[in-house]
Each structure stands twice: as C-alpha cells, then as structure tokens.
Amino acid sequence: MSSQPTPDFPLQSLNTFGIAARARAYLRVTEREQLLGVFADPIWAASPKLVLGGGSNFLLTQDYPGLILHIALQGREVVGGDADFHYVRAAAGENWHDFVQWTLAQGIGGLENLSLIPGTVGAAPIQNIGAYGLETKDVFHCLTAFDPASGSTREMGAAECRFAYRDSVFKQDDGRRLIVLDVTFALPKAWRPNLRYAELAQALVEQGIAEPSARQVADTVIAIRRRKLPDPAVIGNAGSFFKNPVVGGAQCAALLERFPALVHHAQPDGTQKLAAGWLIDQCGWKGRSLGAAGVYPKQALVLVNNGGATGAEVVALAEAIQADVQARYGVLLEPEPVFI
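Here it is as structure tokens:
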C-alpha cells in the first residue's frame with residue numbers, strides 16, 4: 013500500500029472514453045488510512061482533488077491540476093438479513109457488474125436489471141444508476157462515507173442520500189466532499205422479476221420464458237445491452253451521454269401535437285420523461301461525427317471516441333447536439349458525465 017501519490021500520472025486507461033490526459037498526481041486508494049494521510053498532509057489537503065472510481069462517468073477536457081484519488085477498496089459479503097431482505101455489502105472499488113453477478117451466484121436476486129452497467133459500486137449511489145425499470149434507490153439500504161472535513165466516517169441512509177433521477181446529495185454542494193467507502197443493498201427474499209421495462213419483457217417473451225429466474229433476467233439484460241451499446245474496451249464511451257429530459261405535462265402535450273411519434277413516459281408526479289436518444293436520432297445525429305468524436309450508429313444516446321478524440325471534440329459534439337435538439341423541440345439536454 014503506497015501512501016505517497018505518484019506525480020505526473022497518465023489517465024487514458026482510467027477513463028472509459030479513452031481520452032489522453034495527465035494528472036499532477038495520482039494515488040490508488042486501497043485502505044481508508046490512505047485518505048486520512050492525504051487529508052492530514054497540508055500540501056495535499058490544499059490541492060484540488062478528484063475522486064475516481066471506474067472512470068465511466070466523467071469527461072476529461074484538460075490535464076488535471078491536482079490529485080486523483082482512485083478508490084480501489086475491495087470486498088463483498090452478505091452481512092445479514094431479516095424477514096424481508098438479504099443485506100449485501102460491497103466496497104466502493106468493486107466492479108459493479110462483477111458484484112451483480114456475485115449476488116446472483118449467492119442465489120440472491122434484486123440487482124439483475126442493472127447488469128453490465130460500467131463503473132464501480134461506489135458510483136452507484138452517487139449517480140443513482142438505473143436501467144430497465146430499476147434504480148439504485150430502489151434496492152439501497154445504507155452506505156459508509158468518509159468526510160474529509162472531520163476525518164471521520166458516517167453511515168448514511170436513503171433519506172440522507174437525497175436520491176433523484178441520476179442524482180444524489182453527492183453531486184450537490186453540501187455532499188460533494190464526501191467519499192463513498194462501501195454500500196449495503198437490501199435485496200428481497202420474496203424475489204419477483206421486475207419486468208416493467210417493455211423491451212426487457214418482450215425479449216423474455218421472444219425467448220419463450222414465461223416465469224424468468226433472476227439469472228435469466230440478467231442474461232437477457234446483458235444481451236440487450238451488448239446488442240445496443242459499445243464495449244468501452246473497444247470503443248471509448250461513457251454509456252448514455254445525456255439524461256432523459258423531464259418536462260411538464262402541458263409541454264409534452266404541445267410537443268405531441270407537433271410530433272405525434274414523440275417517445276415519452278408518464279411519471280408518478282404527472283411529469284413526462286422524454287427519450288433523449290429519440291430526440292437526438294430525429295435531429296439526424298445517429299452515426300455522425302465531428303472530428304474523432306461521434307454518435308454511436310446503434311444508439312444515438314451514446315457518444316464515442318472513434319480514435320484519438322480529445323475532450324474538447326466530445327464537448328463540441330455534445331454542444332452541437334444540444335443546440336439542434338433545443339432548436340427543434342425546445343428541450344435542453346443535460347449531459348450525464350461530469351466535465352473535468
């Protein structure tokens with residue numbers, strides 16, 4: 013375990029977009045004590061710091077002038093249960109997909125709809141990751157976070173995490189400093205398949221599976237994702253680049269009058285969630301490129317590095333897409349990745 017940061021560190025292999033950039037310094041964090049040491053050091057405590065997990069939800073637009081804290085904490089276990097739930101804990105540095113597959117191997121369902129999402133366990137509550145009818149908040153129990161201001165750890169429940177669509181307290185001013193160390197999930201003992209997402213339900217029907225197991229749901233999700241989305245190990249990308257915009261009911265109704273095929277999904281609060289990929293596709297961006305940055309031909313919601321793209325090229329492409337969608341639909345798309 014190294015407690016001293018490595019200077020002038022290359023970051024290309026640590027971000028799924030594959031953007032070439034460097035950091036002033038880098039520290040691979042495998043023990044909580046390393047964090048204590050960094051924040052006790054007056055030089056590093058005063059330096060800009062970026063907490064990095066799997067590198068799947070940020071875009072490097074320049075070299076980083078401070079210290080990268082790469083959270084690589086490991087460990088996973090079933091920590092108990094009650095009449096209704098299995099409680100399963102994983103360290104923040106665990107690979108998310110590997111963790112999901114591990115829970116299934118223990119005979120515990122509940123996370124299968126989130127199979128094959130890139131990144132680490134620690135990023136799951138920060139981003140409130142979601143796919144195929146399930147979000148982190150739906151299966152979340154608690155987490156442990158390190159507070160650099162006090163040098164102490166704290167347990168946080170769902171209310172304190174303030175989960176929202178692709179959002180949480182960890183992305184807000186009052187929670188951005190907190191570093192997630194581990195996450196505990198409450199997975200139902202009376203498991204039932206979550207087939208609210210129409211594409212997933214249809215894919216199971218086409219396989220002739222009327223009563224799927226958790227493993228069959230996971231395998232189907234994996235197959236769908238592999239068919240639609242590029243592998244970051246082959247084509248640099250950060251998954252879905254834009255959030256699906258949420259608009260009021262009246263605005264959606266007005267859009268439907270002009271665009272009857274508009275893909276939209278009613279929300280419990282009366283708002284409507286629009287399909288960002290559909291909006292981008294209708295503006296003619298699917299498969300197009302600006303420089304070495306492009307829109308994936310099979311899924312307009314994914315921006316890709318076609319080889320040697322800079323962060324600036326990806327930003328220029330994103331801004332061009334935003335401008336076209338806003339001009340045509342009056343809707344501003346919000347990027348999911350954090351721009352660094």
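Residue numbers are given in our numbering: position 16 of the sequence shown equals residue 28, and the series is strictly consecutive. Where a beta carbon is used, it is the ideal one built from N, C-alpha and C, also for glycine.
Check	Outcome
Using the three-state DSSP reduction, which class does CYS154 fall into: helix, strand or coil?	strand
So what's MET13 in DSSP terms, helix, strand or just coil?	Interpretation of MET13 is limited by its pLDDT of 49, a score under 50 that renders its predicted location unreliable; no figure is taken from the coordinates.
Contact defined as beta carbons within less than 8 Å: I believe ILE138 pairs with LEU126. What is the distance between those atoms, to the nearest angstrom?	Wrong, their Cβ atoms sit about 14 Å apart, outside the cutoff.
Output the residue ranges of the beta strand (DSSP E) runs that lie fully inside the region 130-203 and measure 3 residues or longer, sorted by chain position.	152-159, 164-169, 191-200
Exposed or buried, what is ALA210 when buried is set at 16 or more other beta-carbons lying within 10 Å of its beta-carbon?	exposed
Closest by CA to SER252, which one among ALA266, LEU71, GLU172?	LEU71
Give me the Cβ distance between THR132 and ASN107, rounded to the nearest whole Å; I'm assuming they're in contact under 8 Å.	6 Å
By the three-class DSSP mapping on this structure, what secondary structure does ILE83 have?	strand
Does the distance from the CB of LEU23 to the CB of VAL50 come in under 8 Å?	no
First and last residue of the alpha helix (DSSP H) that includes PHE51?	44-52
What does LYS298 pair with, by DSSP beta-bridge criteria?	DSSP, once it has assigned bridges, lists no residue as partnering LYS298.
Kindly give me the distance between the Cβ atoms of ILE31 and GLY306, rounded to whole angstroms, as I take these residues to be in contact under 8 Å.	That belief does not hold up - the Cβ atoms of ILE31 and GLY306 are roughly 14 Å apart, past 8 Å.
Identify the residues that DSSP records as bridge partners of PRO22: which are they?	ARG34
When DSSP builds the beta bridges, which residues end up paired with SER252?	VAL314
Just to confirm the assignment, what range does the beta strand (DSSP E) spanning GLY9 have?	Lying before the first or after the last residue shown, residue 9 is absent from the chain, which here runs from 13 to 352.
Are LEU315 and ASN256 close, meaning C-beta to C-beta below 8 Å?	no
Tell me which residues share the same chain as GLY145 and place their Cβ nearer than 8 Å to its Cβ, disregarding the 5 neighbours each side in the sequence.	ASN125, ASN206, LEU207, ARG208, TYR209, LEU212
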